[in-house]
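Trainee: Okay, so the sequence shown: first residue is 1 according to UniProt numbering, each after it adds one.
In this text, a Cβ means the ideal position worked out from N, Cα and C, and glycines have one as well.
The structure displayed is predicted, hence computed values, not measured ones.
First, the structure itself, so that you have it in front of you.
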Amino acid sequence: MTNLTFANAHQLAQMIREREVSSVEVLDAYLAQIAKHNSRLNAICTLDEGHARSRAKLADEALARGENWGALHGVPITIKDIFETEGLRTTAGYIPLKDYVPQQDATAVARLRAAGAVIVGKTNMAELAGDYQSTNSLFPRVNNPWNIEYTPGGSSGGSAAAVASGFSALDLGNDFAGSVRQPAHFCGVYGLKPTDRRISTAGTIPEVPVMPICLRQMMTVGCFARSLEDIRLCFSLIAGADIRRPDVPPIPLDTPSGKSWQNLKIAWIDQWTEVPVSRETKTAMNAIANKLAQTGAQIERWLPQNFDISYIINLYSRMAAYVNNYAQPKDRYNIRRSLELIFRTATQGDKQLRKLGDFSRFLPELLNPSLRGYFEALTERDRVTVQMDQALEPWDVWLVPVAATTAFTHRPAWSAVEIDGKLYPHGIANGAYTMPFNLSGHPAIVIPIGQTHNGLPMGMQIVGKRWREMEMLAIAQKIDNIIGGFKNPSSYELARNQE
1 MTNLTFANAH QLAQMIRERE VSSVEVLDAY LAQIAKHNSR LNAICTLDEG
51 HARSRAKLAD EALARGENWG ALHGVPITIK DIFETEGLRT TAGYIPLKDY
101 VPQQDATAVA RLRAAGAVIV GKTNMAELAG DYQSTNSLFP RVNNPWNIEY
151 TPGGSSGGSA AAVASGFSAL DLGNDFAGSV RQPAHFCGVY GLKPTDRRIS
201 TAGTIPEVPV MPICLRQMMT VGCFARSLED IRLCFSLIAG ADIRRPDVPP
251 IPLDTPSGKS WQNLKIAWID QWTEVPVSRE TKTAMNAIAN KLAQTGAQIE
301 RWLPQNFDIS YIINLYSRMA AYVNNYAQPK DRYNIRRSLE LIFRTATQGD
351 KQLRKLGDFS RFLPELLNPS LRGYFEALTE RDRVTVQMDQ ALEPWDVWLV
401 PVAATTAFTH RPAWSAVEID GKLYPHGIAN GAYTMPFNLS GHPAIVIPIG
451 QTHNGLPMGM QIVGKRWREM EMLAIAQKID NIIGGFKNPS SYELARNQE
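This is the structure we're talking about:
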């Protein structure tokens with residue numbers, strides 16, 4: 001019989017519809033998996049077993065009457081704890097929100113519920129989504145299911161760990177500088193960052209009056225899954241205009257071009273010039289390029305002309321700080337403390353890499369921002385978007401590393417990361433390959449591509465054209481079919497073999 005906890009969401013939905021298995025049976029399998037392993041991983045911070053059981057039972061009863069709620073009828077999923085969930089505690093890992101119970105769902109959550117999903121619980125995360133690890137003062141840190149001494153990434157580490165571990169069929173995350181893509185890479189699952197403003201951010205914590213204006217910049221809602229088909233399904237359900245967010249345009253989903261494999265033009269790069277990746281990452285990217293070329297792909301090593309990662313990182317950092325300052329009241333979320341921590345730790349590491357991460361000259365302005373500075377940064381961001389649009393025009397997709405390294409051992413927030421004997425500032429090691437596409441607004445999907453010598457998973461970004469996610473995902477599926485796919489964490493394989 002199919003292992004229900006590692007079956008894909010679309011498979012489970014079909015099995016439930018065809019009465020091969022009940023929603024209650026699938027939920028029971030997930031709850032058993034959570035009970036067995038979550039105490040070591042801390043991926044789920046709030047379990048909603050009672051409501052989930054009631055919803056699963058109703059789903060089965062509805063099917064018996066001939067009713068079908070939608071594409072996820074009866075399928076158990078989890079939700080990152082940054083999204084409001086009606087009647088279910090939502091904390092964003094932040095102590096002042098420890099008892100916050102929203103009165104309505106975030107838009108993306110509501111759309112998944114409307115499609116029939118059963119919400120099992122909320123997944124753990126970095127406090128206020130503010131780190132590339134997943135620690136906070138409310139719940140125990142999240143551990144990587146491949147090796148609990150390593151981080152699952154952040155800020156959506158609980159989401160990626162839950163999906164990788166068979167706790168959930170799908171999870172909803174958000175991505176401001178790689179918060180979906182880096183954890184997907186660290187945990188060996190698929191993670192989508194759509195085009196900027198493709199999906200409504202309504203109901204994302206912290207929800208304060210000016211956030212709709214400020215967080216339209218660079219923040220995207222995305223998803224995690226164990227297959228690209230599930231990513232496509234989830235994306236198609238949550239994308240689209242929202243009455244709660246007038247800045248989300250009513251642009252329909254694109255239709256894949258149907259180009260043959262041999263007619264696709266694929267660009268790739270193994271590292272930015274100024275930000276070297278680990279030897280294993282570079283070797284893996286080169287091996288994939290060679291493998292795709294052997295299958296007849298038109299693939300070429302490429303970097304946009306005048307691509308300046310130092311400028312991009314600096315502009316992104318200014319934008320992010322402006323957004324945080326204007327979107328979040330300083331007295332409530334203590335932005336000064338967070339900014340000072342990030343800027344202080346950015347000066348740790350190798351001298352050359354420190355230059356990329358040293359934003360100290362911006363600190364006085366960012367702690368006391370001016371509207372003129374913010375508007376100038378917005379104008380510069382538009383210029384970057386146009387330049388990236390033009391650069392990507394000849395290509396169907398661009399293959400890029402996700403980060404300078406794979407998962408690293410747990411450490412204090414924003415501490416430097418050692419890669420092949422060189423010390424990298426935390427933000428550079430984790431965000432230098434993801435934040436450019438938050439800045440430009442382009443979509444990217446992370447797919448698993450293998451493991452390192454010590455058994456940790458590795459992913460790769462596939463970057464597409466803006467508003468062309470379905471084309472990007474169709475090409476990603478062709479690539480995924482060639483290079484592999486999701487594999488269960490080895491620790492779980494060993495545990496099952498011992499039973």
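I need the straight-line Cα distance from L97 to T78, nearest angstrom please.
Mentor: For L97 and T78, the distance between alpha carbons rounds to 19 Å.
Trainee: Using a 10 Å radius around the Cβ and a threshold of 16 neighbouring Cβ atoms, would you call E20 buried or exposed?
Mentor: By the 10 Å Cβ count, E20 comes out exposed.
Trainee: What are the start and end residues of the beta strand (DSSP E) that includes E418?
Mentor: Counting along the chain, the beta strand (DSSP E) containing E418 begins and ends at V417 to I419.
Trainee: Report buried or exposed for R258, applying the criterion of at least 16 other Cβ atoms within 10 angstroms of its Cβ.
Mentor: According to the sequence shown, residue 258 is Gly rather than Arg. The residue is exposed, with fewer than 16 neighbouring Cβ atoms inside 10 Å.
Trainee: Taking DSSP as the reference, what is the three-state secondary structure of R468?
Mentor: R468 falls in the coil class under three-state DSSP.
Trainee: Give the range of the beta strand (DSSP E) segment to which residue 502 is assigned.
Mentor: Because the chain in this structure spans residues 1 to 499, residue 502 falls outside the shown range and cannot be described.
Trainee: By a C-beta neighbour count over all protein chains shown, 10 Å radius and 16 as the cutoff for buried, is D280 buried or exposed?
Mentor: Note on identity: in this sequence residue 280 is Glu, with Asp being the wrong assignment. It is buried - the Cβ of E280 has at least 16 other Cβ atoms within 10 Å.
Trainee: Following the continuous beta strand (DSSP E) through N174, name the residue where it begins and the one where it ends.
Mentor: Start and end: D171 to D175.
Trainee: Any contact of the stretch 193–204 with the stretch 463–472, i.e. 3+ C-beta pairs under 8 Å?
Mentor: Verdict: yes, contact present.
Trainee: What are the complete alpha helix (DSSP H) segments, minimum 4 residues, inside the stretch 228–294?
Mentor: As far as the stretch 228–294 is concerned, its whole alpha helix (DSSP H) runs of at least 4 residues are 228–238 and 279–294.
Trainee: So within the stretch 73–120, which uninterrupted beta strand (DSSP E) runs reach at least 3 residues, ignoring any that extend past its ends?
Mentor: If we require 3 residues or more, the beta strand (DSSP E) runs fully inside the stretch 73–120 come out as 76–80.
Trainee: To the nearest angstrom, how far is it from the Cα of A13 to the Cα of G74?
Mentor: Between A13 and G74, the C-alpha separation is close to 7 Å.
Trainee: Give me, in chain order, the residues of the same chain whose beta-carbon lies closer than 6 Å to that of Y150; leave out the 5 immediate sequence neighbours on both sides.
Mentor: Result list for Y150: N144, A407 and T409, in chain order.
Trainee: Roughly how many whole angstroms lie between the Cα atoms of A56 and K487?
Mentor: Taking the straight line joining both Cα atoms gives about 27 Å.
Trainee: For the alpha helix (DSSP H) that V386 lies in, which residues bound it at each end?
Mentor: Segment L371 to L392, the alpha helix (DSSP H) holding V386.
Trainee: Looking only at its own chain, which residues have a Cβ that is under 7 Å from the Cβ of D480, when we skip the five neighbours before and after it?
Mentor: Closer than 7 Å at the Cβ level, and outside the excluded window around D480, lie L228 and I447.
Trainee: Is the distance from the Cβ of N3 to the Cβ of R226 below 8 Å?
Mentor: Result no, Cβ atoms of N3 and R226 do not sit closer than 8 Å.
Trainee: Using DSSP with H/G/I as helix, E/B as strand and the rest coil, what is Q451?
Mentor: In this structure, Q451 counts as strand in the three-state DSSP scheme.
Trainee: DSSP three-state label for N8, please.
Mentor: Looking at N8 - three-state DSSP - the assignment turns out to be coil, as it is neither helix nor strand.
Trainee: Just list the beta strand (DSSP E) runs in the stretch 175–208, keeping only unbroken ones of 3 residues or longer that don't cross its boundaries, in chain order.
Mentor: Listed in chain order, the complete beta strand (DSSP E) runs (minimum 3 residues) inside the stretch 175–208 are 190–193.
Trainee: Look up M458 in the DSSP assignment and say whether it is helix, strand or coil.
Mentor: Note: M458 maps to strand in three-state DSSP.
Trainee: Beta-carbon within less than 7 Å of A106's beta-carbon, same chain only, minus the 5 sequence neighbours each way: which residues are those?
Mentor: Correct list, in chain order: F83, E84, A202, G203 and T204.
Trainee: Between G373 and A160, what straight-line distance do the alpha-carbon atoms span, to the nearest angstrom?
Mentor: Each residue's Cα considered, the two are about 36 Å apart.
Trainee: Which of the three DSSP states, helix, strand or coil, is assigned to N314?
Mentor: Looking at N314 - three-state DSSP - the assignment turns out to be helix.
Trainee: Please report the distance separating the alpha-carbon of E380 from that of I313.
Mentor: So the two alpha carbons sit approximately 12 Å from each other.
Trainee: Kindly indicate which residue of Q11, I44, A476 and Y30 has the alpha-carbon position closest to the one of A297.
Mentor: Closest by alpha carbon: A476.
Trainee: With distances taken between CB atoms, is the gap from G153 to F186 smaller than 8 Å?
Mentor: Contact flag set, yes.
Trainee: DSSP on Y30, reduced to helix/strand/coil?
Mentor: Correct three-state label for Y30: helix.
Trainee: Assuming contact is defined by CB atoms lying nearer than 8 Å, are T123 and A162 in contact in what I supplied?
Mentor: Yes, the pair counts as a contact, with Cβ atoms nearer than the cut-off.
Trainee: Output the distance between the C-alpha atoms of L233 and L473, rounded to the nearest integer angstrom.
Mentor: C-alpha separation (whole angstroms): 11 Å.
Trainee: Just mark E67 as buried or exposed, buried being the case when its beta carbon has 16 or more other beta carbons within 10 Å.
Mentor: Exposed is the call here.
Trainee: Where V118 and Q262 are concerned, what is the direct C-alpha to C-alpha distance, given to the nearest angstrom?
Mentor: Taking the straight line joining both Cα atoms gives about 41 Å.
Trainee: Could you tell me the alpha carbon to alpha carbon distance between A64 and G70, rounded to whole angstroms?
Mentor: Taking the straight line from one Cα to the other gives about 15 Å.
Trainee: Are L456 and W146 closer than 8 Å when you measure CB to CB?
Mentor: Taking 8 Å as the Cβ cut-off, L456 and W146 qualify as a contacting pair.
Trainee: With 16 other CB atoms within 10 Å as the buried threshold, where does L264 fall?
Mentor: That one is buried.
Trainee: If you drop the 5 nearest sequence neighbours on each side, which residues of the same chain put their C-beta closer than 6 Å to that of G157?
Mentor: Hits under 6 Å: S134, V142 and P183.
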